[in-house]
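Counting in our numbering, the sequence shown tops out at residue 750, every number present.
For glycine and all other residues, C-beta sits at the position ideal for the given N, C-alpha and C.
The structure displayed is predicted, hence computed values, not measured ones.
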Amino acid sequence: MRPFEPQARALAGPAIKSSTPVKSILKPTSVLGRRKELHDASVDLPEPLDSPTKRRKVFFDEIKNVTYEVGRRTMNDVKLEVRSALEEHLRGNDGQYDMLKELFANDKQRYLPPVVGEEDDTLKPHELQVYVMALTSCVPILKGKECNGLVKTILHCSWLGRDAAFTQVFTHFLAALVSAQGSYLVPVLSTMVEKFRDTSPSSWSVPDFPDVSRETMRERLHSSIRYLLQMFPSAVAVLENLLGAKFPFPDESVRIHMAYIHNLLHVKDYVPDLRDEILDLILNRVVKIDSQMQVDLEDLDDDVTAAVMYALRENQQRLSGLEDDYSDESDNESVDSDDLDYDQEAARIKTVKESVEKMDAVLDTLFSFYTPHFLNPGSDKAFDMFTIILREFDHIVLPTYKSRHTQFLIFHFAQQHERLTDAFCGQLIATAFQGNTPNVLKQAAAAYLASFVARGAHVPGSLVRTMFMLLIHHLEQYRKKYEPLCRGPDLKRFHPYYSLVQATLYIFCFRWQDLVVSAPEVVDPEDPASYIGQDLEWVGSSRKDLSIQIFGKLNPLKVCAPVIVEEFAKLAHRLNFMYIYPLVESNKRVRLTQYLSATYATGGALRDSGYEAQGESFHQLDPYFPFDPYQLPISKRWLADDYVHWKSVPGLNADDDDDDSDEMDDDEDGDIEEGTATDSEVDDFE
């Protein structure tokens with residue numbers, strides 16, 4: 065049996081008393097927009113079933129037999145009228161068919177009552193619902209490709225801004241349409257996902273109907289999507305593809321991004337099978353914004369950067385409300401860039417500022433989303449959620465060059481419990497020392513490990529010592545492997561080794577107090593300056609072992625970032641750990657390019673000679689450590705107690721005695737600091 069019978073079904077209610085032919089509501093376009101005040105239809109529709117046991121075929125019969133009237137016509141008359149319009153269209157007569165399209169195309173026009181003395185036969189606001197019901201009964205005709213134009217117009221009507229009864233009737237229509245013609249599933253879900261971007265009531269409101277709040281609109285939208293997914297389980301895969309395809313472009317406004325992300329998180333609640341895919345999608349897009357924003361910041365000069373910081377401070381209060389504070393007016397102003405006086409520099413400031421705002425708002429939302437799962441951080445529930453964050457980090461964040469802020473999600477949650485800390489460090493160690501891992505990932509993993517151990521306020525001293533000794537152990541393995549092949553320092557050939565040395569020096573600079581296992585009684589653990597010049601006992605044989613690496617043939621101090629080498633030299637000398645100044649001075653006379661020719665003897669390509677034209681810095685490691693100060697003004701509140709800030713040691717250098725340590729890394733006093741927010745240098749050491 066076909067889903068819907070072609071003949072009209074008899075409905076309960078009084079019969080039409082007049083035998084006079086009734087004038088159709090499908091009138092010329094000139095009167096289609098005339099509407100009147102709301103008259104709610106008396107309809108009692110069932111809620112969608114929560115757990116259907118099989119695919120449903122008949123939907124229209126769920127609506128009770130109630131008499132509906134349009135003017136002087138009954139529901140039967142409207143059904144016959146719609147059927148006639150569709151059948152005539154198939155025969156090539158498009159008059160009534162086009163009128164039917166106009167009903168839905170102009171559904172937001174306000175109703176105007178007729179002039180006194182004229183017959184009021186214009187469609188009233190509530191009466192469009194009857195046409196949706198009539199079209200539902202005609203789906204076997206409507207499913208043909210000849211009616212694609214009408215279907216497209218219907219799908220784009222403003223069905224969320226009317227009453228609840230209309231929403232349910234429209235949902236039944238969509239289900240019937242997909243049931244009759246499966247190819248309509250994609251356009252149906254596509255138009256629904258596109259509404260994830262809407263936040264302004266003007267997008268969905270309909271004149272002559274009460275205002276519908278954003279929360280109500282979203283609840284209606286997701287209820288309809290949930291109903292379709294229950295009816296057609298295979299639609300989940302279609303929805304997954306659409307969620308990625310419809311995600312806002314990076315240059316779209318914060319308001320649109322936040323609206324879409326909130327709706328994505330709502331989908332996750334009733335489609336748990338898409339939880340991981342949705343979280344991956346959000347993080348993947350935010351990483352792209354993050355890396356592009358960092359590139360943009362590095363390209364700006366100091367004056368433009370200062371202007372960006374000023375604009376962010378001005379908008380910080382507005383940012384605190386996230387999506388709710390982005391009104392239509394502010395969004396329109398942000399995209400209006402066609403003025404003749406529009407300044408190119410102003411455009412760059414606006415672009416970077418909006419990128420920072422987007423990052424701040426999205427990351428604040430993600431922190432808020434994940435936090436309830438870690439109320440008991442030692443539980444299996446928390447660990448299961450952390451494995452999702454760890455997987456996303458490993459596949460999305462770690463391979464991204466110079467991600468600046470996204471990685472702080474795992475930085476925060478990895479410190480919630482020692483079980484989580486061990487899992488994170490273990491993953492980084494596996495990546496950094498796995499033989500078949502590309503060098504770029506090995507360097508990134510080493511940088512993340514060192515930065516986490518150095519900057520994590522809740523990383524215990526015992527773990528700092530363990531990681532420090534572990535790095536030195538692996539350095540020795542690399543040294544034994546590489547020294548027989550070495551003529552001198554060569555970043556290209558011995559990249560993994562130099563990455564580990566730099567990571568080791570970085571940990572020492574921040575956590576040297578945790579590496580001291582014994583000190584004289586005169587040393588006050590609360591006063592770093594009291595350690596200067598004392599005879600200290602260091603963890604294990606770290607002093608001897610690290611000295612072998614530094615003074616070895618591979619000469620890592622020439623390849624490591626100068627800013628890190630300089631700070632390590634200061635600390636190591638005044639703490640009696642190691643004296644390396646003579647080596648630092650002699651390295652100033654070493655040219656790294658002189659060792660590049662050695663690659664020819666090992667099969668290096670001739671094109672490698674192009675590297676000789678580069679400066680010395682090209683052959684040194686980038687001083688990039690991913691957990692350098694977090695500066696986004698709103699979301700940084702989540703990291704308030706997680707962070708080890710750089711503090712210079714009074715008396716370390718005569719020139720530094722008058723310096724305030726807060727000048728090094730006091731990101732608590734400023735919303736955005738130029739140094740740490742705009743480049744990858746280890747500015748804390750400057």
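I'd like to know whether the C-beta atoms of residue i and residue j end up nearer to each other than 8 Å.
i    : j    : result
P347 : E456 : At residue 347 the sequence reads Leu, which differs from the Pro that was named. For L347 and E456, yes; Cβs fall inside 8 Å.
I644 : I612 : no
Q294 : V233 : no
L492 : L513 : yes
M449 : H437 : yes
V587 : Q598 : yes
Y334 : R519 : no
D354 : H469 : yes
D53  : A625 : The structure shown does not extend to residue 53, since the chain is modelled only from 65 through 750, so no value can be given for it.
F447 : F488 : no
A478 : T495 : no
W702 : H476 : yes
V242 : V302 : no
K617 : E547 : yes
L484 : P524 : no
F273 : R226 : yes
A636 : G715 : no
State the DSSP-derived secondary structure class of residue i, mapped to helix, strand or coil.
i    : result
V587 : coil
G520 : strand
T138 : strand
Y324 : helix
D448 : helix
R653 : coil
S277 : coil
E316 : coil
V504 : helix
V627 : helix
V302 : helix
V642 : What sits at residue 642 in the sequence shown is Met, not Val. The answer is coil: DSSP assigns M642 none of H, G, I, E or B.
T464 : coil
I474 : helix
Y175 : coil
L555 : coil
Y570 : helix
W576 : helix
Y334 : helix
K544 : helix
Y161 : helix
S193 : Note that residue 193 corresponds to Gln in the displayed sequence, not to Ser. Looking at Q193 - three-state DSSP - the assignment turns out to be helix.
K310 : coil
Could you tell me which residues DSSP puts in a beta bridge with residue i?
i    : result
E601 : S582
Y707 : G520
How big is the Cα-Cα spacing for residue i and residue j?
i    : j    : result
L454 : L534 : 22 Å
L656 : E680 : 6 Å
Q408 : Q356 : 18 Å
A149 : P204 : 14 Å
F682 : K652 : 15 Å
S317 : E418 : 7 Å
S526 : D578 : 8 Å
L670 : Q684 : Legend: pLDDT at L670 = 35, less than 50; position of this residue unreliable, value from coordinates given subsequently. Cα to Cα, L670 sits roughly 21 Å from Q684.
L462 : V426 : 19 Å
S201 : A228 : 20 Å
W576 : V623 : 22 Å
K634 : V359 : 32 Å
K332 : T231 : 22 Å
E304 : I342 : 8 Å
Q695 : L219 : 44 Å
W710 : F641 : 20 Å
A299 : R339 : 16 Å
P693 : I325 : 26 Å
N503 : T255 : 45 Å
K414 : P314 : 14 Å
D114 : R284 : With a pLDDT of only 42 at D114, under 50, the local geometry of the prediction cannot be trusted, and the value read off the model is given with reservation. D114 and R284: Cα-Cα distance of roughly 15 Å.
V215 : D424 : 40 Å
L647 : I628 : 15 Å
Y561 : D609 : 14 Å
S264 : L224 : 13 Å
S563 : L439 : 36 Å
V276 : E421 : 28 Å
In chain order, each alpha helix (DSSP H) run of at least 4 residues that lies wholly inside the stretch 230–269: 249–258
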